[in-house]
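1 is the number of the first residue of the sequence shown in full-length UniProt numbering; add one for each residue after it.
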Amino acid sequence: MLFEFKENKMIVASRWPLLEKVFLRFGMPVAVVDLESTGGNLYEDRVTEVALVKFEQGRVVRHEWLVNPQKPIPQFVAGLTGISDGMVADAPVFAEIAGELFSVLKGCVLVAHNSRFDYTFLKHEFHRAGIGFSSPALCSVQLSRCLYPQFYKHSLDSIIERLGIVVEDRHRAMADVSALCDYLEYSLSEHGVEEWIRQCFRLMNPKPLPAALPERLREQLYGLPDGMGVLACFDGGGKVNYIGTFERVYSEVSALLDSGKAPFDWCNTEEVRFFPALGRLHAHKVKAELVRHYGVDCYVSAKNLLKTFTTVRFEKGSDGILNAKTADLKNGVTDNPPTGLFANKKAARRALSSWAETYGLCPAAAGILPDGYAEDEPCPVYVSGRCDKACGRSDEQVLAFAHKLPILDWGKMHEVEITETDPLTGEKVVLHGMGGALEMGDGLWYFDKDLPDAFKAKFKTDRKNIKEIG
1 MLFEFKENKM
11 IVASRWPLLE
21 KVFLRFGMPV
31 AVVDLESTGG
41 NLYEDRVTEV
51 ALVKFEQGRV
61 VRHEWLVNPQ
71 KPIPQFVAGL
81 TGISDGMVAD
91 APVFAEIAGE
101 LFSVLKGCVL
111 VAHNSRFDYT
121 FLKHEFHRAG
131 IGFSSPALCS
141 VQLSRCLYPQ
151 FYKHSLDSII
161 ERLGIVVEDR
171 HRAMADVSAL
181 CDYLEYSLSE
191 HGVEEWIRQC
201 FRLMNPKPLP
211 AALPERLREQ
221 LYGLPDGMGV
231 LACFDGGGKV
241 NYIGTFERVY
251 SEVSALLDSG
261 KAPFDWCNTE
271 EVRFFPALGR
281 LHAHKVKAEL
291 VRHYGVDCYV
301 SAKNLLKTFT
311 TVRFEKGSDG
321 ILNAKTADLK
331 NGVTDNPPTG
341 LFANKKAARR
351 ALSSWAETYG
361 LCPAAAGILP
371 DGYAEDEPCP
381 VYVSGRCDKA
391 CGRSDEQVLA
401 FAHKLPILDW
411 GKMHEVEITE
421 TDPLTGEKVV
431 LHGMGGALEM
441 GDGLWYFDKD
451 LPDAFKAKFK
461 TDRKNIKEIG
């Protein structure tokens, strides 16, 4: 084997000739990666070592770094990896190698054994360093399961034992990368090029971008991070043709493009811009601000596009008394939050009747008498002897209790203050919600058909960061 040493990298010749040739057909460089870390918690543990072998245009280059994790390495982990606190004491922290590592990985397909671990750790470390990272990724564990379904175990240890791969310093990152490349070379020779490539592209997650995309757009989309935020797309004249929220923008956009279900017209998209957010609801607020700024229609996800939501509006009738009117709720910026939020008009009318009875409101004055009841007929409440003469004070009561109208099935969550926090940087934002809408400031509110799902998910998973108001 021939080596050319250049700082932390060395160029390798001819150990994996089949991989060198086949990876050329991927259409982009391939980086086979392994990380060592202080543990398996994707949010709290930190990287201690990075190693990769990069295949690019027929050249194979190794890169490796020891990394100071800025926290103690547990004794068990140190015993497993051989990386101790003393070994990394003078090593650079991740932020100090982030720029160099990012330039090496940019535009690559990332291959790793259990790629979710390595990909997510890298993404999180880059995020802490202020760099948005994403890439197509291939999990070699999943590839092994597809190519060798007759075997029960697919850990790297099991593969090494099964194939008799010779490994020095097992659990050191570069040793594991080399063993993984040996396995990939073997599996390629055994299954043939076409089947091997077919399985690789089927399993990639995130997906690579379609080759049919214009190069200008591919370059911009590959530059997206894989985090929470809003994607805005612009045509050649600078006009917005799409604004949408994403939890993992690159993963979701690449999957939609791969399936032919892109939410935006990529043929007429010249530029994409990403606006980061600290959480799902914060992303909706950022989206609202962009919708308002650019004066465009609100875009909602395909799954909610055909949904309707009903609210209640109180309008003066011919008698000068406030009457309740049900109306479909539109997407966009409004002057007031919804007064009640319902799946349909029938549900709204049922809720209005219960609300009027609970708070002693006159159903006749509020305009919520049974359907088909003529205006000139005697009030059924009066005829039944249950009238408490609430008509005269109907307006003030309606206004006093309007905020008590139900918001779907959210119980007491009529008005809330929600704190969203970036789990990696600790940055926080406080959001004010009412009636299923978000307050934007300047007395304005925002609602769209995706917001109820976002609120409900927050209620289910993050109650400790929700404060009920009123």
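Every residue, glycine too, gets a C-beta built ideally from N, C-alpha and C.
Can you tell me the Cβ-Cβ gap for A348 and T310, rounded? I've got them flagged as a contact below 8 angstroms.
Confirmed, Cβ separation roughly 5 angstroms.
Apply the 10 Å Cβ neighbour rule to E4 and answer buried if 16 or more other Cβ atoms are within range, or exposed otherwise.
Low confidence applies to E4: its pLDDT is 33, below 50, so where it sits in the model is not reliable enough to give any reading.
By Cβ distance, which residues of its chain are closer than 7 angstroms to K207, with the 5 residues on each side in sequence left out?
Counting only Cβ-Cβ distances below 7 angstroms, and skipping sequence neighbours, we find P136, S254, A255, D258.
Pull up the CB-CB distance for V272 and L231, whole angstroms please, since I reckon it's below 8 angstroms.
At roughly 6 angstroms, the Cβ-Cβ gap stays under 8 angstroms, so V272 and L231 are in contact.
Quick one: Cα of E215 to Cα of V286, how far?
Looking at the two C-alpha atoms, the distance is approximately 28 angstroms.
Do V67 and V47 have their C-beta atoms closer together than 7 angstroms?
In this structure, V47 lies closer than 7 angstroms to V67 by Cβ.
For the stretch 185–252, which segments carrying the beta strand (DSSP E) assignment without a break, of at least 3 residues, lie completely within its bounds, in sequence order?
For the stretch 185–252, whole beta strand (DSSP E) runs of length 3 or above, ordered along the chain, are 229–234, 240–246.
I'd like the ranges of any alpha helix (DSSP H) spanning at least 4 consecutive residues and lying wholly in the stretch 428–462.
Those alpha helix (DSSP H) runs which fall completely within the stretch 428–462 and span 4+ residues are 451–461.
What span of residues does the beta strand (DSSP E) with S37 cover, start to end?
Per DSSP, S37 belongs to the beta strand (DSSP E) from 30–37.
How long is the line joining the alpha carbons of L180 and Q142, rounded to whole angstroms?
Cα to Cα, the separation comes out at about 13 angstroms.
If we count the other Cβ atoms within 10 Å of its Cβ and call it buried at 16 or more, is L80 buried or exposed?
By the neighbour-count rule (16 or more Cβ atoms within 10 Å), L80 is not buried but exposed.
Considering only DSSP beta bridges, list what N323 is partnered with.
In DSSP, N323 forms a bridge with E315.
Can you check the stretch 265–318 for any beta strand (DSSP E) of at least 3 residues that lies completely inside it and give the ranges in chain order?
Taking only runs of at least 3 residues, the beta strand (DSSP E) segments lying wholly in the stretch 265–318 are 271–276, 310–316.
Helix, strand or coil for T425 per DSSP?
Coil.
Can you tell me whether N68 is helix, strand or coil according to DSSP?
Looking at N68 - three-state DSSP - the assignment turns out to be strand.
The alpha helix (DSSP H) spanning I97 covers which residue range?
Run containing I97: 94–105, per the alpha helix (DSSP H) assignment.
Go through the stretch 127–175 residue by residue and report every complete run of the alpha helix (DSSP H) that reaches 4 residues or more, in order.
Correct list: 140–147, 156–163.
If I83 and F102 are in contact, beta carbons under 8 angstroms, what's the gap, nearest whole angstrom?
22 angstroms between Cβ atoms; not a contact.
Under three-state DSSP, which class holds G411?
Coil, per DSSP.
Quick one: measure Cβ to Cβ for Y183 and L163, integer angstroms, because I've assumed they're closer than 8 angstroms.
The Cβ separation is near 6 angstroms, so the contact holds.
Residues in its own chain within less than 8 angstroms of S158 by CB, not counting five upstream and five downstream?
Excluding positions up to five away in sequence, the list reads F151.
Excluding the 5 residues preceding and the 5 following F117 in the sequence, name in chain order all residues of the same chain whose CB lies nearer than 8 angstroms to its CB.
Only L35, G40, L42 meet the Cβ criterion.
State the beta-bridge partners of F26 as determined by DSSP.
F26 pairs with nothing; no bridge assigned.
If you follow the beta strand (DSSP E) that M332 is in, where does it begin and where does it stop?
Correcting the residue identity first, residue 332 is Gly in this sequence and not Met. Its beta strand (DSSP E) spans residues 332–334.
For residue 489, does the three-state DSSP call read helix, strand or coil?
No answer is possible for residue 489: the residues shown for the chain start at 1 and end at 470.
Please classify M1: does DSSP put it in a helix, a strand, or coil?
With a pLDDT of only 33 at M1, under the threshold of 50, the placement of this residue in the model should not be trusted, and no figure is reported.
Locate the beta strand (DSSP E) running through K467, then write down its first and last residues.
From DSSP, the beta strand (DSSP E) with K467 extends over 466–468.
When you compare only the Cα positions, how much space is there between Y148 and G332?
Cα to Cα, Y148 sits roughly 52 angstroms from G332.
Note down, in chain order, each residue of its chain lying with its Cβ closer than 7 angstroms to the Cβ of G107, except the 5 sequence neighbours on either side.
Answer for G107: M28, P29, Y222, listed in chain order.
Less than 7 angstroms between the C-beta atoms of G436 and I418, yes or no?
Not a contact, by the Cβ cut-off of 7 angstroms.
Please tell me whether I73 and D90 are closer than 7 angstroms, where the distance is taken between their beta carbons.
Contact flag unset, no.
Between which residues of its own chain and T421 is the CB-CB distance below 6 angstroms, once the five residues before and five after are set aside?
Here the set comprises K428.
Given a cut-off of 7 angstroms, decide if R218 and L209 are closer than it, judged by their beta-carbon atoms.
Result yes, Cβ atoms of L209 and R218 sit closer than 7 angstroms.
Leaving out the 5 sequence neighbours to the left and right, which residues in its chain are closer than 6 angstroms to P337 when beta-carbon positions are compared?
M434, G435, A437, W445.
Taking 8 angstroms as the limit between beta carbons, can you name the residues of its chain near T334, skipping five residues before and five after?
Excluding sequence neighbours, T334 sits near A437, L444, W445, Y446, F447.
Short of 6 angstroms in beta carbon distance, which residues of its chain neighbour K6, apart from the five on each side in sequence? Order them along the chain.
Note that K6 has pLDDT 37, beneath the 50 cutoff, so the model's placement of it is unreliable and the number below is only indicative. Correct list: empty, nothing qualifies.
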